[in-house]
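Chemist:
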Amino acid sequence: MKFFLPLLCLPLFLYSYSLDELLELSHNNKLVKSAEHTLTSKELLYESSKSSYLPTIDIGANYQNASKETPNIAQNTLKAQASIRYTLYDGDKRSNLYRQLESSIDSSKSSVEATKNTISLDVTRLYFEYLGLEADREATTQAIEQLKEELKRVEFFYEAGTITKDEVAKIDSRVKNTLVLLQEIELKRLKVTHTLEYYISKRVEHLDGSTTITLPIEQEEILRADLKALEYEAASMLYEANIEKSQNRPLIYLDDTLSHTDYYFDNKSLKSGFLVENQNIAMVNVSWNIFDFGAKTKAYESKLQEYLSKKSILEYEKDKANVEYRLAKRSLLIAQEKVKSTQAVAEAASLAFKLIKFKYENKTIDNVAYLLALSEKFNAQRDSKRALYELEIRKAELIYFSGKEIKEFCR
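Next comes the structure, spelled out in structure tokens:
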């Protein structure tokens, strides 16, 4: 017996996740990590681009062997040099590149936030859907227990010869149908828990149903993170177009080279006095592509069209988001009214069932009316609880569509 005790106690120790815990875990899943890696990649690219515009220093050395000496060419020559190069002007390419990369980074930051917000909404929906299924299971289990009790009662009367077999068969078939319904509810519940496992990368057996959503005091709409990401992405594309445009402007850069040369003459009498061992040469170079058959102009126009495309998508998504926000507000009002109506229906169904049960036990009505009243009672109780959970989902949707983080309003 002592070996079975741990098994009997095991369900008591199954961990129940609250909504706040689910959201915290889901914000560290692989999808979010991927978005964060993309952000880090862009930040490193930005640092690399800034470094590339700092002065560059190169060092080098060479050895030269000549088959025939002249006054200016030794048989063996060793040369070491160091050069520094710095871009003075590149047609504003540098400033546009920095702005493009900064906008790209801001877009990725908003994308990370948007990914978390979308996951929060999905997880919240699953959480309250699970609780709704738990309410379905509870109501269905209670209905089964009551039907089984009723089945025992009618079997007793059937054996006593006071009722017909078809009345027993009706109750029995209802019990079997309700048992199948219970299995279907359990399957849906398992699908929800398995889907949650995708989000949090942990096994989910049970959820704590104590969390509710509190609506923010100020319900004004702010720009959602996914729309911010699109906004920054469009700005980044505009700066990319300006980078292409800068290619049509002059490039000015400074080049300074310091060198030291050792000359080894086999015939020292040939060595010229004009040979220089230490030399420093500074140059300012100007390069300007004045004709390329319009290649750079077309590249600029291509990027500009991409920017206009992104801008159109942004405007469309903003209009769509505004509609979604207004619908979310309307859905919340309907959900609040539904809670009131389903509670009233549940109370009425319970009172009606008590009366019908009394009449049925006194044989003034048949079992069809009794079974209908029983079904209406448990359906009304289930619908009442489901309406409460649906209200929580509508709250979460309004928070999401208003541009806020759901996790901040979990209580």
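0 is the number of the first residue of the sequence shown in numbering that gives the first Met the number 0; add one for each residue after it.
Even glycine gets a Cβ: it sits at the ideal position worked out from N, Cα and C.
According to DSSP, simplified to helix, strand and coil, what is S271?
Modeler: The residue you call residue 271 lines up with position 272 of the sequence shown. Residue state, collapsed to three classes: coil.
Chemist: Whole angstroms are fine: how far does the CA of A345 sit from the CA of Q380?
Modeler: Locating residue 380 in the sequence shown gives position 381, counting from the first residue. Locating residue 345 in the sequence shown gives position 346, counting from the first residue. When rounded, the distance between both Cα atoms is 5 Å.
Chemist: Quick one: Cα of Y97 to Cα of A79, how far?
Modeler: For this step, residue 97 is matched to residue 98 along the sequence shown. For this step, residue 79 is matched to residue 80 along the sequence shown. Approximately 36 Å, taken between the alpha carbons.
Chemist: Excluding the 5 residues preceding and the 5 following C409 in the sequence, name in chain order all residues of the same chain whose CB lies nearer than 6 Å to its CB.
Modeler: The sequence position of residue 409 within the sequence shown is 410, counting from 1. Once the five neighbours on either side are set aside, the close Cβ partners of C409 are L18, D19, T210.
Chemist: In angstroms with no decimal places, state the Cα-to-Cα distance between S308 and K29.
Modeler: On the sequence shown, residue 308 is found 309 positions in, with the first residue counted as 1. On the sequence shown, residue 29 is found 30 positions in, with the first residue counted as 1. Roughly 30 Å separates the two Cα atoms.
Chemist: For Y198, which beta-bridge partners are listed by DSSP?
Modeler: Here residue 198 refers to the residue found at position 199 of the sequence shown. Note: Y198 sits in no beta bridge, so no partner.
Chemist: Any idea what DSSP makes of S82, helix, strand or coil?
Modeler: Here residue 82 is taken as the residue at index 83 of the sequence shown, counted from 1. Reduced to three states, the DSSP call for S82 is strand.
Chemist: Tell me which same chain residues have a C-beta within less than 6 Å of the C-beta of P70, skipping the five on either side of it?
Modeler: Translated into the one-based positions of the sequence shown, residue 70 becomes position 71. Answer for P70: L269, S271, listed in chain order.
Chemist: The beta strand (DSSP E) that contains N64, what's its start and end?
Modeler: Counting from one through the sequence shown, the residue named residue 64 turns up at place 65. Here the beta strand (DSSP E) through N64 covers 55-64.
Chemist: Nearest to I333 by CA position, among E128, L390, R124, is which residue?
Modeler: Working through the sequence shown from its first residue, we reach residue 333 at position 334. I333 has its Cα closest to that of L390, out of E128, L390, R124.
Chemist: Could you give the DSSP three-state label for V285: helix, strand or coil?
Modeler: By one-based count along the sequence shown, residue 285 stands at place 286. Three-state result, V285: strand.
Chemist: State the CB to CB distance for the pair A65 and I72, rounded to an integer number of angstroms; the pair is presumed to be in contact (CB under 8 Å).
Modeler: On the sequence shown, residue 65 is found 66 positions in, with the first residue counted as 1. On the sequence shown, residue 72 is found 73 positions in, with the first residue counted as 1. That belief holds up - the Cβ atoms of A65 and I72 are roughly 5 Å apart, short of 8 Å.
Chemist: If you measure between the beta carbons of V122 and A34, is that distance less than 7 Å?
Modeler: Position 123 of the sequence shown, counting from 1, holds the residue named residue 122. Position 35 of the sequence shown, counting from 1, holds the residue named residue 34. No.
Chemist: Count the other CB atoms, across all protein chains shown, that sit within 10 Å of the CB of L6; report buried if there are 16 or more and exposed otherwise.
Modeler: Numbered from its first residue, the sequence shown carries residue 6 at position 7. Unreliable positioning characterises L6 in this predicted model, as indicated by a pLDDT of 43, which lies under 50. The coordinate reading is nonetheless provided below. So L6 counts as exposed.
Chemist: Find out if the Cβ-Cβ distance for the pair V179, V167 is shorter than 7 Å.
Modeler: Your numbering for residue 179 matches position 180 in the sequence shown. Your numbering for residue 167 matches position 168 in the sequence shown. Going by C-beta atoms, V179 is not nearer than 7 Å to V167.
Chemist: Which partner residues of T37 appear in the DSSP bridge assignment?
Modeler: As a first step, residue 37 is located in the sequence shown; it is residue number 38 there, counting from the start. None; T37 has no bridge partner.
Chemist: What are the boundary residues of the alpha helix (DSSP H) that includes D121?
Modeler: Counting from one through the sequence shown, the residue named residue 121 turns up at place 122. Where D121 is concerned, the enclosing alpha helix (DSSP H) stretches over 92-158.
Chemist: Report yes or no: do three or more beta-carbon pairs, one from the region 225-239 and one from the region 87-105, lie closer than 8 Å?
Modeler: Touching, per the Cβ criterion.
Chemist: Spatial neighbours of Y129 within its chain, please: CB distance less than 6 Å, with the 5 preceding and 5 following residues excluded, ordered by chain position.
Modeler: Sequence index remark: in the sequence shown, residue 129 carries index 130 (1-based). Result list for Y129: V191, L206, in chain order.
Chemist: Given that a residue counts as buried once 16 or more other Cβ atoms are within 10 Å of its Cβ, and exposed if not, what is R223?
Modeler: Locating residue 223 in the sequence shown gives position 224, counting from the first residue. With 16 or more Cβ atoms within 10 Å of its Cβ, R223 is classed as buried.
Chemist: DSSP state of S17, grouped into three classes?
Modeler: Taking the sequence shown and counting its residues from 1, the one referred to as residue 17 is at position 18. S17: coil per DSSP, three-state reduction.
Chemist: Measuring CA to CA, which of I398, D382, S25 is closest to I216?
Modeler: Looking up residue 216 in the sequence shown gives position 217. For the residues I398, D382, S25, the minimum Cα distance to I216 belongs to I398.
Chemist: Counting beta carbon pairs with one atom in the region 281-292 and one in the region 236-256, are three or more of them shorter than 8 Å?
Modeler: Enough Cβ pairs lie closer than 8 Å, so yes.
Chemist: Taking the alpha helix (DSSP H) that D261 falls in, what are its first and last residues?
Modeler: By 1-based counting over the sequence shown, the position of residue 261 is 262. Premise fails: D261 lies in the beta strand (DSSP E), 250-263, not in any alpha helix (DSSP H).
Chemist: Taking C-beta to C-beta, are S245 and D91 nearer than 7 Å?
Modeler: Here residue 245 corresponds to residue number 246 of the sequence shown, with the count starting at 1. Here residue 91 corresponds to residue number 92 of the sequence shown, with the count starting at 1. Yes.
Chemist: For E204, which option in L22, Y238, Y14 has the closest C-alpha, if you only look at C-alpha atoms?
Modeler: As a working note, residue 204 is residue 205 in the sequence shown. Of the listed residues, the one whose Cα sits closest to E204 is Y14.
Chemist: Relative to the alpha-carbon of Q74, which residue among D265, V367, A327 has its alpha-carbon at the smallest distance?
Modeler: As a first step, residue 74 is located in the sequence shown; it is residue number 75 there, counting from the start. Among D265, V367, A327, the Cα nearest to that of Q74 belongs to D265.
Chemist: Within its chain, find whatever has a CB closer than 6 Å to the CB of E407; leave out the 5 residues flanking it on each side and keep chain order.
Modeler: Along the sequence shown, read from residue 1 onward, the residue named residue 407 stands at position 408. Within the same chain, E407 has no close Cβ partners at all.
Chemist: With DSSP run on the structure shown, which of helix, strand or coil describes Y45?
Modeler: Here residue 45 refers to the residue found at position 46 of the sequence shown. Residue state, collapsed to three classes: helix.
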